[in-house]
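Contents: one structure, followed by commentary.
Protein chains: 4
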Amino acid sequence: MINVGVIGCGYWGPNIVRNFRQIDNCNLKWCSDLSESRIKHMKGLYPSIKFTKDYNDILNDKEIGAVVIATPVSTHFKIGMDALMKGKHILIEKPITHSSEDAKKLIDAAAKNKKILMVDHTMEYSPAVKKIKEYIEKGELGQVLTVDMIRVNLGVFQKDVNVIWDLIPHDISILVYLLGLMPEKVISVGESYIQKSIEDDAHLTLKFKNKITAHIHVSWLDPCKIRKTTIVGRKKMLVFDDLEPTEKIRVYDKGVTIEKNGIPIQNYYDTFGEYQLLHRSGDIFIPKIETTEPLNNMCRHFLDCIENGKTPVSDGQSGLRVVRVVEAAQESLRNNSREVEIRAD
Amino acid sequence: MINVGVIGCGYWGPNIVRNFRQIDNCNLKWCSDLSESRIKHMKGLYPSIKFTKDYNDILNDKEIGAVVIATPVSTHFKIGMDALMKGKHILIEKPITHSSEDAKKLIDAAAKNKKILMVDHTMEYSPAVKKIKEYIEKGELGQVLTVDMIRVNLGVFQKDVNVIWDLIPHDISILVYLLGLMPEKVISVGESYIQKSIEDDAHLTLKFKNKITAHIHVSWLDPCKIRKTTIVGRKKMLVFDDLEPTEKIRVYDKGVTIEKNGIPIQNYYDTFGEYQLLHRSGDIFIPKIETTEPLNNMCRHFLDCIENGKTPVSDGQSGLRVVRVVEAAQESLRNNSREVEIRAD
Amino acid sequence: MINVGVIGCGYWGPNIVRNFRQIDNCNLKWCSDLSESRIKHMKGLYPSIKFTKDYNDILNDKEIGAVVIATPVSTHFKIGMDALMKGKHILIEKPITHSSEDAKKLIDAAAKNKKILMVDHTMEYSPAVKKIKEYIEKGELGQVLTVDMIRVNLGVFQKDVNVIWDLIPHDISILVYLLGLMPEKVISVGESYIQKSIEDDAHLTLKFKNKITAHIHVSWLDPCKIRKTTIVGRKKMLVFDDLEPTEKIRVYDKGVTIEKNGIPIQNYYDTFGEYQLLHRSGDIFIPKIETTEPLNNMCRHFLDCIENGKTPVSDGQSGLRVVRVVEAAQESLRNNSREVEIRAD
Amino acid sequence: MINVGVIGCGYWGPNIVRNFRQIDNCNLKWCSDLSESRIKHMKGLYPSIKFTKDYNDILNDKEIGAVVIATPVSTHFKIGMDALMKGKHILIEKPITHSSEDAKKLIDAAAKNKKILMVDHTMEYSPAVKKIKEYIEKGELGQVLTVDMIRVNLGVFQKDVNVIWDLIPHDISILVYLLGLMPEKVISVGESYIQKSIEDDAHLTLKFKNKITAHIHVSWLDPCKIRKTTIVGRKKMLVFDDLEPTEKIRVYDKGVTIEKNGIPIQNYYDTFGEYQLLHRSGDIFIPKIETTEPLNNMCRHFLDCIENGKTPVSDGQSGLRVVRVVEAAQESLRNNSREVEIRAD
């Protein structure tokens, strides 16, 4: 039975708390938050948990084996280091840190202390995303050509990071997980409409090997909440709408067939000539998706990694990769949308 | 009673024919097409119309007062010039020409010959787009901050122009009409997945005065047909979905209010301090929109301009503006998405 | 080449005209209507067709082989008889007549004169309905238990017949076609809110053999247009939404499994004991449906029957069956919703 | 601070527990359930609550002021009586009892013991339903003509009551609340497809004063979950979709205008003559609805009634009215859908 502490009970923390409480083989012993009112609120919901304003109370409790860090991004590095130094396994909210330098230091510290360092890339634990990975790996969609992602809604406006830091970690972690590839270049455009110098709307183009590209639109300034990913494969196309309660994935048996004079074009590809593009538009398939909550799967995986010495799916390296993409996107943004190379691991 | 001829009965021509046939004060006398099978098909539908493979037969008919040019883009300039030289008023499919040079020559020729030169920017005649313009002009949305446009579906793949030339004229003409502004700069990214060197998927960012930006996604390679425009104003937000049969426009009484310690931020705007962003999320309003077909309105406007010597809403200059944006977008595309200035008229 | 005449160019007639015009192996020679303004309107669209106010002009034309009767229900019988007497094949709008007596006389007259008598039960020619019939016949859905049909919208209010006469012929013809069974009993409730004594909203329950029931809601008084049929089978469930442009049919792999202590209940069905009802909720499948217009298929089938001496799918008997159900529904309505037996053929 | 006990932690009980736990001015002290596994499950979630298999332990605790009865319908009467006899205020799940006789006895016992007797007609505490009541009372919709309600999905199959007992209490309580009228007559049809003699699909027609009718479709056997109410008023129409997360209510500015020769028909209503029915189809309005959970409002109202001696909105009489309608519906069902009069209070 692992004793767990949660540092930060603001926007996301309560979801972490709720999930660890529902898991049998752990004991959520401590929570901390800087705000009295948050502590009061949480205490009302969970009278049996201990609360403190000082996260060191948690780190100093020798019974605590693991801590979850759900605080603002700028504090991730320091709290993470403190926790590792006290011998705790750590689970950090995305993005892992505000710089790749810091991410690397955390990775090193975790390795040296032989502790689990995991990042909460929740989407990698989504049954729908796993299903999509299966489809891609089985070749169901054919070669993936392009991916289009939309993650927009009105607010929540962050004050310390822009919308890119806030939202694209989800999309990057999905992309890298699904394609098994890191993007190599990024072009990003964005604008700050509401807060000075904090972009609230951005569009990114990511370029991968084999001419695969992905486009991501993130915004805090859209009247409709949208969480949509469109994957165009050479054989089939797939749309993932994460807001659909039960019909998250639609597989379209649609594609383009290239012909010449009725004869499949591949035979004549080198010759010069007119060809016709036939659109094939067939059935649509909506697979049943397991309904477990991604966050719950993620929490269980963290405990499983601790108990069985496994490497997390979303480990420190995974967190670092996301930060590298965000940093390059920021660089492009600051340089008039110039194309920027993304450093590999 | 104006006698009208239609040159080109391929993809869009039949819609032109159908509409002119439904209008009382004109007589659709001639149609031409290079393809025998298209002529045979159209003859079956309209036995009282005269058909020819040679459009000069139409231009040489002295009874013909106006011609519509619904042929591939690359032929617009020559046919347009021929028609003007023969003293016909002309209505040209979008985009007006394949270069701004040619567009200017057509404009000059029309002026010199005192003929109407109109471009089929159909969307400017859409009752929904007119309604949106009313909202913007009345200040209903407040200052427009950003516009996001999606125009995607599977096919129709063009063979002589890429997806930018094919689809963004609609969006540019809507934007310029709604905002009353030309975009000043453009960044465009795109990729050709199916046909070599003909982009089938592209994302454009347009920058206007006052930090207004617009983003356009056009694609021939998406499983779902989408025609959606989101306009974010400082007071309200509006979504225009042109595929909705009756509920094309939704006005969201949503916005962001900037406060500081509960006191409206405007009083403290220059001071340094923490502020809070309140999201306001209110009622949604779906106005009743007139159901006349935009194309029908456009055809009637063309005849009205001829008969009453009016300047068309979508005149040659309007056509030229669209081509200037497309040319700049192409330049950006060919230069690794570098930001390109758009020439003013 | 059959010469065709269309009698009645009001609400539905123009659709008939448009379709026969698009078919090669026939010539739409004549149209009639009592209203000058309708004739003028139609003449504008089809200058090559002959128009008259007196349908006898059509019947007296010896070149005319077939007529379509698209007039108000109350006139179907007389015009139908006149046409048969003049040796014309006839296609009559649904419902065939306003009484089963009249329907039988028409059937007899057609048989005696060896002419085709067909009723425009358009839905039996819908590719979607055909697809559903295939699913049922292949046993894909398992035994059909119940069918729920909704056919509502605002207007078009008829003045000579109530909403039952107006709308349920569609649903009855679908049901009889799909199930291969006539309903045996009907209970109907309805109310007249807008016009005195002309019901504008009604609910019918139809009982078939084997405890199969169907429920139909028809209304002229609903803010939303709905055309939806839900078929509950023992193995799967199917929803047919005729307003969906491309996704008309959804097959739900859903059902109920009856178990007792983990052992399938059927073994223990007669014993006394607690059992558990497991809901099975699986994938959803949206088949690609051919996009030909049902009305066009219907028109072609009429011509095919004439030329090749075939019996129409929706022949006079089929028309009579629908009238029998409507008559019984009316009787139930007039008798405080008492259950009424429906006469078999 | 009222101490509360919850009897029954099956399907609905956990929602009751969750809500009372979130309310400050009460203490959820006890829960009971007959099933060990349910108790174990609940204990895991709420370690600070006391659990028992015998509800008498709760009734015998003198600190307990109020109990919630969330057990199967057949046990409501006995447990309710026991609780009232022990001097507890009671909140009972709908329907209040399985017979109107029992409901009246409970009402009398509560009155005699001066205790609050409230029924969990959750929907009467829904902000959306309150909004609709406002619209009706302000005359926004004009005179209500007819109401159509659909409450269907796959399962949850009850074993002691049929789908009418299970589901229509929601709809009846909404109708009586909105219209301020009791239905006077009911016709009901239903069928048992899955369990012998337990109807799983039913359609009811309720007749009120002034020719107002309501139709309710309830089913455990539909592939789609639907919770929809359509209210047709003489001026406007309203659709309430309780599954919509934010857009629960749509007000359609639609209606029928009766005219004669262009002059409003009301002047000529008694004369004989042709009139025209004009459909008016205008804007749609989606009001912002408060997002508090109806169940939470209901729980707070119960505590408020106890503390301040108020009469609950959904008191015993309200519960009795619902049971009277259900009893009449059952009688109609058992008598071949004969129209049955509903006893007034």
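Same order as they appear, the protein sequences are chains V, L, R and D.
All the letters of the first sequence, read from the start, carry residue numbers 162 to 506 under my numbering.
All the letters of the second sequence, read from the start, carry residue numbers 162 to 506 under my numbering.
All the letters of the third sequence, read from the start, carry residue numbers 162 to 506 under my numbering.
All the letters of the fourth sequence, read from the start, carry residue numbers 162 to 506 under my numbering.
The beta-carbon is built from N, C-alpha and C at its ideal position, and this holds for glycine as well.
- In this structure, DSSP gives residue 312 (chain R) an extended state, which the three-state scheme calls strand.
- Between the segment 288 to 307 of chain R and the segment 224 to 242 of chain R there are fewer than three inter-stretch CB-CB distances shorter than 8 Å, so the stretches are not counted as touching.
- The three-state reading of DSSP puts residue 384 (chain D) in strand, counting E and B together.
- In terms of beta-carbon proximity, residue 497 (chain R) lines the interface with chain D, with at least one pair separated by less than 8 Å.
- By the CB criterion at 8 Å, residue 282 (chain L) and residue 479 (chain L) fall inside the cutoff.
- For residue 224 (chain R), no CB of chain D lies under 8 Å from its own CB, so it is not counted at the interface with that chain.
- For residue 178 (chain L), the CB contacts under 6 Å within the same chain, skipping 5 residues up- and downstream, are 167 in chain order.
- For residue 402 (chain V), the closest Cβ of chain L is not nearer than 8 Å.
- Of the candidates R:484, R:327, R:325, R:358, the residue whose Cα lies closest to the Cα of residue 265 (chain R) is R:484.
- A Cβ of chain R is located within less than 8 Å of the beta carbon of residue 306 (chain D).
- The beta carbon of residue 194 (chain L) sits no closer than 8 Å to any beta carbon of chain V.
- Taking 8 Å as the threshold, the shortest C-beta distance from residue 208 (chain V) to chain D falls below it.
- A straight line joining the alpha-carbon of residue 328 (chain L) with that of residue 379 (chain L) spans about 7 Å.
- The three-state secondary structure of residue 503 (chain V), taken from DSSP, is coil.
- The beta-carbon of residue 448 (chain L) is placed less than 8 Å from the nearest beta-carbon of chain D.
- In the three-state scheme derived from DSSP, where H, G and I count as helix and E and B as strand, residue 342 (chain L) is classed as coil.
- For the pair residue 285 (chain R) and residue 338 (chain R), the CB atoms are nearer than the 8 Å cut-off.
- Close CB contacts of residue 393 (chain R) within its chain, under the 6 Å cut and outside five residues either way in sequence, are with 306, 307 (chain order).
- In this chain, residue 178 (chain V) is not harboured by any beta strand (DSSP E); it is covered by the alpha helix (DSSP H) spanning 174 to 182.
- Between the segment 339 to 351 of chain D and the segment 364 to 372 of chain D, the count of C-beta pairs closer than 8 Å reaches three or more; the two stretches touch.
- In terms of Cβ geometry, residue 417 (chain D) and residue 355 (chain R) form a close pair [threshold 8 Å].
- Annotation: residue 302 (chain R) is outside any alpha helix (DSSP H) and is labelled neither H nor E by DSSP.
- Residue nearest to residue 169 (chain D) within the set D:193, D:181, D:289 is D:193 (criterion: CA-CA distance).
- Not one beta carbon of chain L lies nearer than 8 Å to the beta carbon of residue 370 (chain V).
- Per the C-alpha coordinates, the member of L:252, L:196, L:330 positioned closest to residue 459 (chain L) is L:252.
- In this structure, the CA atom of residue 505 (chain R) is about 29 Å from the CA atom of residue 357 (chain D).
- For the segment 349 to 376 of chain D, residues whose beta-carbon sits nearer than 8 Å to a beta-carbon of chain R comprise 350, 352, 354, 355, 356, 362, 364, 366, 372, 374, 376.
- Scanning the segment 348 to 393 of chain R from its first residue to its last, the whole beta strand (DSSP E) runs of 3-plus residues come out as 362 to 368, 374 to 380.
- Among the residues facing chain R, residue 301 (chain V) is not included, as its CB has no counterpart in that chain under 8 Å away.
- By the rule that beta-carbons nearer than 8 Å mark a contact, residue 283 (chain R) does not touch chain D.
- The shortest C-alpha to C-alpha distance from residue 395 (chain D) to any of D:405, D:388, D:461, D:413 is the one to D:413.
- Judged by DSSP secondary structure, residue 404 (chain V) falls outside any beta strand (DSSP E); it is assigned neither H nor E.
- The beta carbon of residue 409 (chain V) sits closer than 8 Å to the beta carbons of 289, 401, 402, 403, 450 from its chain, once the five residues preceding and following it are set aside; these are given in chain order.
- Using a CB distance cut-off of 8 Å, residue 415 (chain D) counts as an interface residue toward chain R.
- Counting C-beta atoms within 10 angstroms of its own C-beta, residue 180 (chain D) has 16 or more neighbours from the protein chains shown and is therefore classed as buried.
- Look at residue 263 (chain D) here: in three-state DSSP terms it is helix.
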